[in-house]
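Engineer: The following block contains the structure, expressed as structure tokens.
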Amino acid sequence: MTDTLLCLSIMIVVGFIGSALAHRVRFPAVTGYLIAGLILGLTGLISKETLSHFDILADLALGFIAFSIGSEFKLDFLKKVGTAPLVITVFEAFGAVVVLDILLITIGVPIPVALLLGAIGAATAPAATLMVVRQYKADGPVTRMLLPVVAMDDAAALIAFSVSAAIAQMIASDHGVSIGPMLLHPLLEVGGSLALGSVVGVLAALFLRRFKTDGDRLGLAFAVVMGGVGLSALLGLSSLLVCMMTGAVFANMSRQSVKLFKVTDAVTPPLFLMFFVLSGAELDVTVLKSIGLIGIVYIVARVFGKVIGSYLGARIARVEPVIRNYLGLMLVPQAGVAIGLSLVALRILPEYGATIRAVILCATLVYELTGPLITKAALIKAGEISGDKPSLPKTEKQSADSVVSTAKAKEEPAPLVESTAGEKEELTPSSPSQSKSDGSE
2 MTDTLLCLSI
12 MIVVGFIGSA
22 LAHRVRFPAV
32 TGYLIAGLIL
42 GLTGLISKET
52 LSHFDILADL
62 ALGFIAFSIG
72 SEFKLDFLKK
82 VGTAPLVITV
92 FEAFGAVVVL
102 DILLITIGVP
112 IPVALLLGAI
122 GAATAPAATL
132 MVVRQYKADG
142 PVTRMLLPVV
152 AMDDAAALIA
162 FSVSAAIAQM
172 IASDHGVSIG
182 PMLLHPLLEV
192 GGSLALGSVV
202 GVLAALFLRR
212 FKTDGDRLGL
222 AFAVVMGGVG
232 LSALLGLSSL
242 LVCMMTGAVF
252 ANMSRQSVKL
262 FKVTDAVTPP
272 LFLMFFVLSG
282 AELDVTVLKS
292 IGLIGIVYIV
302 ARVFGKVIGS
312 YLGARIARVE
322 PVIRNYLGLM
332 LVPQAGVAIG
342 LSLVALRILP
352 EYGATIRAVI
362 LCATLVYELT
372 GPLITKAALI
382 KAGEISGDKP
392 SLPKTEKQSA
402 DSVVSTAKAK
412 EEPAPLVEST
422 AGEKEELTPS
432 SPSQSKSDGS
442 E
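Here my numbering is used: position 166 in the sequence shown is 167, and no number is missing along the way.
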């Protein structure tokens with residue numbers, strides 16, 4: 002127990018140092034966490050055996066990320082934004098999935114691995130993009146469309162991953178694969194997960210009526226997320242979908258849900274920090290030399306799929322040409338949710354897990370470093386920022402991994418998580434200038 006607590010303390014301190022250094026060079030905090038974790042793993046200060054004991058930490062972080070993502074799916078918000086963001090989200094998310102699946106299989110990647118990487122490619126981490134939007138006071142049709150699209154993006158990724166994971170498991174199994182079970186199993190898993198999440202969400206809303214203090218609300222939040230994760234494991238369902246649906250039902254049924262999400266946003270940053278540091282520390286650097294082609298194809302094909310998908314979706318939705326031309330370029334960053342899904346992939350396909358994890362972590366670093374630069378260039382081309390003189394950003398209260406959820410709130414801890422769950426609080430406002438301060442892919 003003493004060793005475990007000491008290791009957790011070390012991870013938090015290392016994460017803070019990494020975050021501070023990242024912000025000095027204007028990189029997202031999640032980049033600092035990952036690099037700090039990678040260095041921590043290479044030093045051997047915490048052994049690989051010890052790191053393997055922190056699975057419960059990852060499960061809890063992923064549960065809160067999904068719970069927060071679901072919380073942004075309020076019916077009044079969906080009615081307000083209309084169908085255009087939904088259409089674009091479906092096309093850009095699944096555009097990335099299809100392009101990645103086809104190209105990865107073409108270069109010889111095993112089909113189960115290609116399916117999982119393709120599904121993970123759908124996820125987007127908006128924190129870095131939104132940072133640029135705020136910094137340069139960007140405003141216009143592209144910026145206004147970006148907010149709801151990013152808000153719904155990670156939910157599409159979770160659904161795509163759940164379906165792909167079920168199919169990948171069947172293909173990778175030793176048993177023969179037939180079309181019937183291959184189609185039925187994913188439907189049962191997704192349907193069962195959504196049903197269980199709905200039940201848990203209803204119960205949570207009923208219990209919240211009796212809780213009047215922040216302490217009680219926080220306890221309920223942990224009970225709900227832990228219960229959702231535990232029940233999904235017991236029943237063989239997707240914990241991500243269960244927690245996401247729980248958050249969605251809960252947010253729509255309870256008027257006091259905002260108070261609960263506010264208190265969880267205040268205490269989850271350290272949890273997300275440790276999760277990302279742990280992700281970096283667990284990276285097996287020995288597999289990096291073997292993922293060269295796969296990594297390059299993933300990085301390039303995902304961007305291509307996002308750009309083409311958003312373009313097609315925008316044409317179908319009949320939005321302004323400027324949105325068709327530039328929105329996809331602003332969906333490049335990837336972090337929290339993708340990293341979390343790579344951990345799930347590690348458990349689903351242990352024999353390929355290290356490769357999948359390495360590809361996603363390396364891609365995350367590339368996307369987080371280049372994403373803000375691409376976003377700025379796209380906004381200039383779109384005419385939504387007028388120059389290179391940024392406004393002085395207000396102190397960022399970035400909390401950790403989406404409409405998808407207190408977007409940054411989960412992407413970066415007080416600067417925290419890009420990932421996802423935090424990627425959404427700032428996504429719900431109608432204009433970037435109205436978005437909540439930092440704190441999410």
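Even glycine gets a Cβ: it sits at the ideal position worked out from N, Cα and C. Predicted, not measured: the structure shown is a model, and the values here were computed from it.
Helix, strand or coil for Lys411, going by three-state DSSP, please let me know.
Structural biologist: Locating residue 411 in the sequence shown gives position 410, counting from the first residue. Its pLDDT being 40, under 50, Lys411 is placed unreliably by the model, and the measurement read from it follows with that caveat. It is helical.
Engineer: Can you confirm whether the stretch 104-119 touches the stretch 145-160 when touching is taken to mean that 3 or more C-beta pairs between the two stretches lie within less than 8 Å?
Structural biologist: Output reads no: the stretch 104-119 does not touch the stretch 145-160.
Engineer: DSSP three-state call for Lys382: helix, strand or coil?
Structural biologist: Taking the first residue of the sequence shown as position 1, residue 382 is located at position 381. In the structure shown, Lys382 sits in a helix (DSSP, three-state: H, G or I).
Engineer: Over the uninterrupted alpha helix (DSSP H) stretch that includes Arg325, give me the two end residues.
Structural biologist: Against the sequence shown, residue 325 aligns to sequence position 324. Taken as a continuous stretch (DSSP letters only), the alpha helix (DSSP H) holding Arg325 covers Pro322 to Tyr327.
Engineer: Comparing alpha-carbon positions, which option in Ser258, Ala234, Ala167 and Arg348 lies nearest Arg211?
Structural biologist: The residue you call residue 211 lines up with position 210 of the sequence shown. It is Ser258 whose Cα lies nearest to the Cα of Arg211.
Engineer: If Phe55 sits next to Leu279, beta carbons under 8 Å apart, how far is it from one beta carbon to the other, in whole angstroms?
Structural biologist: As a position in the sequence shown, residue 55 is number 54, starting the count at 1. As a position in the sequence shown, residue 279 is number 278, starting the count at 1. That belief holds up - the Cβ atoms of Phe55 and Leu279 are roughly 6 Å apart, short of 8 Å.
Engineer: Between Gly281 and Leu35, which are expected to be in contact by the criterion C-beta below 8 Å, what is the C-beta distance as a whole number of angstroms?
Structural biologist: As a first step, residue 281 must be located in the sequence shown, where it is residue number 280. As a first step, residue 35 must be located in the sequence shown, where it is residue number 34. Right, their Cβ atoms sit about 4 Å apart.
Engineer: How should Thr5 be labelled, buried or exposed, when 16 other C-beta atoms within 10 angstroms of its C-beta is the threshold for buried?
Structural biologist: Within the sequence shown, numbered from 1, the residue matching residue 5 stands at position 4. Label assigned to Thr5: exposed.
Engineer: Between Ile11, Phe277 and Phe223, which has its C-alpha nearest Gly64's C-alpha?
Structural biologist: One-based indexing of the sequence shown puts residue 64 at position 63. With distances taken between Cα atoms, Gly64 lies closest to Phe223.
Engineer: List the endpoints of the continuous alpha helix (DSSP H) containing Lys263.
Structural biologist: Taking the first residue of the sequence shown as position 1, residue 263 is located at position 262. Segment Ser258 to Val268, the alpha helix (DSSP H) holding Lys263.
Engineer: For Ser343 and Val200, what's the separation of their Cα atoms in angstroms?
Structural biologist: Position 342 of the sequence shown, counted from the start, is the residue given in the question as residue 343. Position 199 of the sequence shown, counted from the start, is the residue given in the question as residue 200. Distance between the alpha carbons of Ser343 and Val200: 27 Å.
Engineer: Report the three-state DSSP secondary structure of Val43 (helix, strand or coil).
Structural biologist: As a first step, residue 43 is located in the sequence shown; it is residue number 42 there, counting from the start. First, the residue type needs correcting, since residue 43 is Leu and not Val in the sequence shown. Leu43: helix per DSSP, three-state reduction.
Engineer: Please tell me whether Ile381 and Val143 are closer than 7 Å, where the distance is taken between their beta carbons.
Structural biologist: Along the sequence shown, read from residue 1 onward, the residue named residue 381 stands at position 380. Along the sequence shown, read from residue 1 onward, the residue named residue 143 stands at position 142. Cβ atoms of Ile381 and Val143: not closer than 7 Å.
Engineer: CB-CB under 7 Å to Ala205, same chain, minus the five flanking residues each way: which ones, in chain order?
Structural biologist: By 1-based counting over the sequence shown, the position of residue 205 is 204. Excluding positions up to five away in sequence, the list reads Leu221, Val225, Thr247 and Phe251.
Engineer: May I ask you to verify whether the stretch 85-105 touches the stretch 303-315, counting CB pairs closer than 8 Å and requiring at least 3?
Structural biologist: Enough Cβ pairs lie closer than 8 Å, so yes.
Engineer: Per DSSP, what kind of secondary structure is Asp77 in: helix, strand or coil?
Structural biologist: For this step, residue 77 is matched to residue 76 along the sequence shown. Here Asp77 sits in helix by DSSP.
Engineer: If you reduce the DSSP assignment to three classes, tell me which class Gln335 lands in.
Structural biologist: For this step, residue 335 is matched to residue 334 along the sequence shown. Coil at Gln335, not helix or strand.
Engineer: Do Val268 and Arg218 count as a contact pair if the criterion is CB distance below 7 Å?
Structural biologist: Here residue 218 refers to the residue found at position 217 when the sequence shown is read from its first residue. Here residue 268 refers to the residue found at position 267 when the sequence shown is read from its first residue. No.
Engineer: Under the three-state reduction of DSSP, which class applies to Ala139: helix, strand or coil?
Structural biologist: Residue mapping note: residue 139 aligns to position 138 of the sequence shown, counting from 1. Ala139 falls in the coil class under three-state DSSP.
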